[in-house]
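Q: One structure follows; several queries about it will come next.
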Amino acid sequence: MPLTERERDLLALIRAAPLSTPEELARRLGTSRAAVNVHVSSLTRKGALLGRGYVVAPENPARVVVVGGANMDVKARLLGPAVPGTSNPGTASQAPGGVARNVAENLARLGVPAHLIAAVGGDAPGDLLLRETAAAGVDVRSVLRLSGPTGSYTAVLDESGELLIAVAAMDATDALTPAALNDRLGVLRGSAWAVADGNLSAETLTHLLSLCTQVDVPLVFEPVSVPKGARLLPALRGGLAPHTVTPNVAELAALVGRDVPDTPGDLRGAVDELHGLGVQAVWVRRGERGSLLSTGGHVTELPALPAQVCDVTGAGDAMLAAYLAALLAGETPAEAARHGHAAAALTVESLHAVSPTLTPAALRARLQRAQP
Numbered sequence: 000m001p002l003t004e005r006e007r008d009l010l011a012l013i014r015a016a017p018l019s020t021p022e023e024l025a026r027r028l029g030t031s032r033a034a035v036n037v038h039v040s041s042l043t044r045k046g047a048l049l050g051r052g053y054v055v056a057p058e059n060p061a062r063v064v065v066v067g068g069a070n071m072d073v074k075a076r077l078l079g080p081a082v083p084g085t086s087n088p089g090t091a092s093q094a095p096g097g098v099a100r101n102v103a104e105n106l107a108r109l110g111v112p113a114h115l116i117a118a119v120g121g122d123a124p125g126d127l128l129l130r131e132t133a134a135a136g137v138d139v140r141s142v143l144r145l146s147g148p149t150g151s152y153t154a155v156l157d158e159s160g161e162l163l164i165a166v167a168a169m170d171a172t173d174a175l176t177p178a179a180l181n182d183r184l185g186v187l188r189g190s191a192w193a194v195a196d197g198n199l200s201a202e203t204l205t206h207l208l209s210l211c212t213q214v215d216v217p218l219v220f221e222p223v224s225v226p227k228g229a230r231l232l233p234a235l236r237g238g239l240a241p242h243t244v245t246p247n248v249a250e251l252a253a254l255v256g257r258d259v260p261d262t263p264g265d266l267r268g269a270v271d272e273l274h275g276l277g278v279q280a281v282w283v284r285r286g287e288r289g290s291l292l293s294t295g296g297h298v299t300e301l302p303a304l305p306a307q308v309c310d311v312t313g314a315g316d317a318m319l320a321a322y323l324a325a326l327l328a329g330e331t332p333a334e335a336a337r338h339g340h341a342a343a344a345l346t347v348e349s350l351h352a353v354s355p356t357l358t359p360a361a362l363r364a365r366l367q368r369a370q371p
């Protein structure tokens, strides 16, 4: 028997977080516990669930392994125009973050099984990070626990929520060595995709690309920043290319080693250089200008979706997660990128780096709103 749209949404959430309570599932679906119980009964009758305990009928889950940064985000937001050289009135908050961790949580919220490989300290922030990440549905069993402190990312935002400056103290991620990845090769094997962020060292990133080639798993590289994006260059020069890279314009310039003006023609020229090095897909983020996606000779320019910006933190992480989730659901790359823009719009309207309102249904609704 076919599943309804709401039943498919619920089943995706159960696959990502099978230990969720009915209350948690109801909250994430935006419905009542009673409604969840009705849907669970229907899923059981249709054979999608096997009795009690949310045991999902066997299938080949499209797992995504995400490797890189997991840290605590500290965000300070100004209440007025910035005045350099003195203290400024503002607000501050702290929450789990890190590009890899954020991508993994977004994937889980979209019903994609996500497995995180990262490193955190053996301190209270590390405990909190792992607890909240696991509660969101991410498999954290491969996260390293260290004796030192958990990494931190401190961002100062202007009064409109745009980033002014940030400081990343990510030494914990240095523990993700080639040897640590070798110990986790079994997690990579059989995955649908791998994602790596620029917090990995050049040596570890090159080794991860080699492992992904060995087990035939395509890898997406998210540069994170201009200096960190350059860590991909040794691998590219050595003939190891990720399947996909997702730079902004400045990061794209770092990858090709020259200035790249933000015009479609100049972007395409730089993108072609990366294709020549073996990168199959390049998705260039252009902020308010949208993005440019180049895959297999096809170039698509996509507009950013309208949004009431509250905080831009995490928008790119949500874009990447929604893009992969859509690809795994059978969408074309261009349509998957549109899903990414919808996820970014939802995220920038939230005070959180990962929007608590992000669900498959919310994403569909945002896409429908954007249709002319």
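When you line the sequence shown up against numbering that gives the first Met the number 0, it's residues 0 to 371, in that order.
Backbone N, C-alpha and C define an ideal beta-carbon position, used for all residues, glycine too.
#1: Does the segment 186-195 touch the segment 170-178, meaning 3 or more C-beta pairs lie closer than 8 angstroms?
#2: DSSP on Q213, reduced to helix/strand/coil?
#3: When the Cα atoms are used, what is the spatial distance from A171 to L145?
#4: Give the single residue among R267, W192 and S151 whose Cα lies nearest to the Cα of S92.
#5: Going by beta carbon distance, what residues of the same chain come within less than 6 angstroms of A252, once the five residues before and after it are set aside?
#6: Looking only at DSSP bridge pairs, what is D138 linked to?
#7: Would you call E161 buried or exposed, if buried means 16 or more other Cβ atoms sit within 10 Å of its Cβ?
#8: Taking all protein chains shown into account, decide if P302 is buried (16 or more other Cβ within 10 angstroms of its Cβ) or exposed.
#9: Answer yes or no: do V283 and L291 have a C-beta to C-beta separation smaller than 8 angstroms?
#10: Output the boundary residues of the alpha helix (DSSP H) element that contains G147.
#11: Using a Cβ-Cβ cut-off of 6 angstroms (strictly less than) and excluding sequence neighbours within five positions of V194, which residues of its own chain qualify?
#12: Taking C-alpha atoms, which residue in G125, L28 and V308 lies nearest to G68?
#13: Is the separation between the beta-carbon of A94 and that of A352 shorter than 8 angstroms?
#14: Taking 8 angstroms as the CB-CB cut-off, is A342 touching chain B?
#15: According to DSSP, simplified to helix, strand and coil, what is H338?
#16: Between A333 and the rest of its own chain, which residues show a CB-CB distance below 7 angstroms, the 5 nearest in sequence each way excluded?
#17: Could you please give me the residues that DSSP links to G329 through a beta bridge?
#18: Taking only three categories from DSSP, how would you classify T294?
#19: Which first and last residues belong to the beta strand (DSSP E) in which L162 is found?
#20: Determine which residues share a DSSP beta bridge with E348 and list them.
#21: Taking a contact to mean a Cβ-Cβ separation below 8 angstroms, would you say L210 touches L184 in this structure?
#22: Residue range of the alpha helix (DSSP H) that A195 falls in?
#23: What is the rounded straight-line gap between the Cα of R337 and the Cα of L362?
#24: Considering only DSSP beta bridges, list what R76 is partnered with.
#25: Where do the N-terminal and C-terminal ends of the alpha helix (DSSP H) with A107 fall, by residue?
#26: Using only alpha-carbon positions, find the residue among D265, P263, G268 and W192 that is nearest to P241.
#27: Which of the three DSSP states is assigned to A280 in this structure?
#28: On a CA-only basis, which of G110, A154 and T346 is nearest R76? Give me that one, please.
#29: Looking only at its own chain, which residues have a Cβ that is under 6 angstroms from the Cβ of P148, when we skip the five neighbours before and after it?
#30: Please state whether the Cβ-Cβ distance between T262 and D72 is less than 8 angstroms.
A: This is what the structure gives:
#1: no
#2: Locating residue 213 in the sequence shown gives position 214, counting from the first residue. Three-state result, Q213: helix.
#3: The sequence position of residue 171 within the sequence shown is 172, counting from 1. The sequence position of residue 145 within the sequence shown is 146, counting from 1. The alpha-carbon atoms of A171 and L145 are separated by roughly 8 angstroms.
#4: Start at 1 with the first residue of the sequence shown, and residue 92 comes out as number 93. It is S151 whose Cα lies nearest to the Cα of S92.
#5: For this step, residue 252 is matched to residue 253 along the sequence shown. D258 and V259.
#6: In the sequence shown, the residue the question calls residue 138 occupies position 139. Beta-bridge pairing links D138 to H114.
#7: Taking the sequence shown and counting its residues from 1, one reaches residue 161 at position 162. E161 is exposed by the Cβ-count criterion.
#8: Counting from one through the sequence shown, the residue named residue 302 turns up at place 303. Exposed.
#9: Mapped onto the sequence shown, residue 283 falls at position 284. Mapped onto the sequence shown, residue 291 falls at position 292. A contact, by the Cβ cut-off of 8 angstroms.
#10: Here the question's residue 147 lines up with position 148 in the sequence shown. Run containing G147: none; DSSP gives neither H nor E here.
#11: Taking the sequence shown and counting its residues from 1, the one referred to as residue 194 is at position 195. Only V65, V102 and V219 meet the Cβ criterion.
#12: The residue you call residue 68 lines up with position 69 of the sequence shown. Checking every option, the nearest Cα to that of G68 belongs to G125.
#13: On the sequence shown, position 95 is the one that residue 94 refers to. On the sequence shown, position 353 is the one that residue 352 refers to. Yes; because the gap between Cβ atoms is below 8 angstroms, this pair is in contact.
#14: Absent here is chain B; the protein component of the structure consists of one chain.
#15: As a working note, residue 338 is residue 339 in the sequence shown. Three-state DSSP puts H338 in a helix.
#16: Along the sequence shown, read from residue 1 onward, the residue named residue 333 stands at position 334. Contacts found: L292 and T299.
#17: Here residue 329 is taken as the residue at index 330 of the sequence shown, counted from 1. DSSP output for G329 lists no bridge partner at all.
#18: The residue you call residue 294 lines up with position 295 of the sequence shown. Residue state, collapsed to three classes: strand.
#19: For the purposes of this step, residue 162 is taken as the residue at position 163 of the sequence shown. Per DSSP, L162 belongs to the beta strand (DSSP E) from L162 to A168.
#20: Here residue 348 corresponds to residue number 349 of the sequence shown, with the count starting at 1. Partner(s): none; E348 has no beta bridge.
#21: Numbered from 1 along the sequence shown, position 211 holds the residue referred to as residue 210. Numbered from 1 along the sequence shown, position 185 holds the residue referred to as residue 184. Yes, these two residues count as a Cβ contact at 8 angstroms.
#22: The sequence position of residue 195 within the sequence shown is 196, counting from 1. No alpha helix (DSSP H) holds A195; the beta strand (DSSP E) holding it covers W192 to D196.
#23: In the sequence shown, residue 337 corresponds to position 338, counting from 1. In the sequence shown, residue 362 corresponds to position 363, counting from 1. Going by the C-alpha atoms only, they are around 10 angstroms apart.
#24: As a working mapping, residue 76 is identified with position 77 in the sequence shown. R76 is bridged to T90 and L156.
#25: In the sequence shown, residue 107 corresponds to position 108, counting from 1. V98 to R108 is the extent of the alpha helix (DSSP H) around A107.
#26: Reading the sequence shown from its first residue, position 242 is the one you call residue 241. Among D265, P263, G268 and W192, the Cα nearest to that of P241 is on W192.
#27: Position 281 of the sequence shown, counting from 1, holds the residue named residue 280. It is a strand residue.
#28: For the purposes of this step, residue 76 is taken as residue 77 along the sequence shown, with counting starting at 1. If we check each option's Cα against that of R76, A154 comes out closest.
#29: Residue numbering aside, residue 148 sits at position 149 when the sequence shown is read from its first letter. Only G120 and D122 meet the Cβ criterion.
#30: Sequence index remark: in the sequence shown, residue 262 carries index 263 (1-based). Sequence index remark: in the sequence shown, residue 72 carries index 73 (1-based). The answer is no: Cβ separation not under 8 angstroms.
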